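Okay, structure first, notes after.
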Amino acid sequence: MTTALYGLSVVLLAVMIAVAGLLVVHRLVPLSIRESNTAAIGVIYAALYVMFGMMVGFSAYLVLNKYSTSQNTVKSEASNIEELYWLAEQLPETERDEIQGLAVSYARVVVDEEWPLMRSGQASPRAGTLADDLRRSIEDFEPGATTEQAVYAQELERVHDLDQAREVRLLNVREGLPPVLWFVLVSLGIDTILFTYFVGMKARWLHVLAVAALAGGIALIIFAIFVLDRPFGGDLRVGPDAFELVLDTIEGNGTR
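Our numbering applies: residue 1 is where the sequence shown begins, and numbers increase by one.
Written as structure tokens, this is what we have:
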């Protein structure tokens, strides 16, 4: 099922439950009682609405920042792979072939093996091993000439940046919004809907329509936050395009 269908299902389910609850309240609580307490309920509802809005804004900021960071991290990681590959051109043949081969293998495993695993919050052990091998290959090289020393320093810097980018990417795969934040967000959303049940509206159909619209909107907002909190899962995930572009470039050059 696509993300859009999941979202539609969540919204429809929320609307049906909210409307069902409203109809139960209509049967149990007379209109006269609801009308007489509308003003007092409105004060409490306004406070809930403000608190819910603040939580939505805070959560949206966190997940949007996470999504944006994930995109930039992937680009940085792929860029470091490409730079490692081209820098190795200036090293002796043995070291050059080893570093370039590991760089290409790592990028290929990340695209073909690790990216599908990230949907379910996992990482590829093989990709991790290749990253370690690449770092050791560079660290074990003993530069001789001045030009080799300069390249060696740049390679060390790039592989360090690569490891950092990989760590951030995998952290964003495994970690999401804290459970307590989800609890507060969902609880305030439910409370916001529940308090609309006790507003005194003579036109029942209008009351039902208003509650349905509110429930659908809140469900859609929470679902959007959920989707953005999983930048490497679902149809809207961050893709491996940056790695694929790098692979097209360096594989087109021909690995030795």
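Virtual Cβ for every residue (Gly too), placed ideally from N, Cα, C.
Being a predicted model, the structure only gives us computed values, none of them experimental.
Asked, Found
"Give, in chain order, every unbroken run of the alpha helix (DSSP H) that is at least 4 residues long and sits entirely within the stretch 38-126.", "38-87, 93-109 and 115-118"
"Determine the direct distance from the alpha carbon of residue 169 to that of residue 18, and round the result to whole angstroms.", "38 Å"
"Run through DSSP, which three-state label would residue 143 get?", "coil"
"What does a CB cutoff of less than 6 Å around residue 70 pick up in its chain, not counting 5 residues either side in sequence?", "172, 231 and 238"
"Based on Cα-Cα distance, which residue from 37, 20, 197 and 53 lies nearest to residue 188?", "53"
"Going by the CB atoms, is the gap between residue 106 and residue 131 shorter than 8 Å?", "yes"
"Please identify the residue among 221, 6 and 197 whose C-alpha is closest to the C-alpha of residue 26.", "197"
"Just reading off the alpha helix (DSSP H) that residue 189 is part of, what are its end residues?", "179-196"
"Confirm, please, whether the CB-CB distance from residue 134 to residue 99 is below 8 Å.", "yes"
"Are residue 242 and residue 127 closer than 8 Å when you measure CB to CB?", "no"
"Assign residue 180 to one of two classes, buried (16 or more other C-beta atoms within 10 Å of its C-beta) or exposed (fewer than that).", "exposed"
"Who are the Cβ neighbours of residue 250 in its own chain at under 7 Å, not counting the five residues just before and after it?", "82, 85 and 104"
"Is it right to say residue 2 is buried, meaning 16 or more other beta carbons lie within 10 angstroms of its own, or is it exposed?", "exposed"
"Compute the beta-carbon to beta-carbon distance between residue 10 and residue 150, rounded to the nearest angstrom, for a pair I have assumed lies under 8 Å.", "About 56 Å separates the two Cβ atoms, so there is no contact after all."
"Once you ignore the five residues that flank residue 115 on each side, which residues in its own chain have a CB closer than 7 Å to its CB?", "240"
"Where residue 256 and residue 75 are concerned, what is the direct C-alpha to C-alpha distance, given to the nearest angstrom?", "Caution is warranted here: a pLDDT of 43 is assigned to residue 256, below 50, making its placement in the model unreliable, and the coordinate value is therefore given only provisionally. Roughly 25 Å between the two C-alpha positions."
"Helix, strand or coil: which one does DSSP assign to residue 239?", "coil"
"Given this structure, state the Cα-to-Cα distance separating residue 38 from residue 45, to the nearest angstrom.", "10 Å"
"Give me the Cα-Cα distance between residue 55 and residue 138, rounded to the nearest whole angstrom.", "47 Å"
"Just to confirm, is the Cβ distance from residue 14 to residue 176 under 8 Å?", "no"
"Which residues in the same chain as residue 163 place their Cβ atom closer than 8 Å to its Cβ, once the five residues preceding and following it in sequence are excluded?", "131 and 135"
"Which residues in the same chain have their Cβ closer than 8 Å to the Cβ of residue 247, if we skip the five residues on either side of it in sequence?", "104, 107, 108 and 111"
"Given residue 245, which residues of its chain have a CB within under 8 Å of its CB, disregarding the five upstream and five downstream residues?", "78"
"Would you report the Cα separation of residue 96 and residue 148, rounded to the nearest angstrom?", "11 Å"
"Inspect the beta-carbon positions of residue 158 and residue 87 and report whether they are closer than 8 Å.", "yes"
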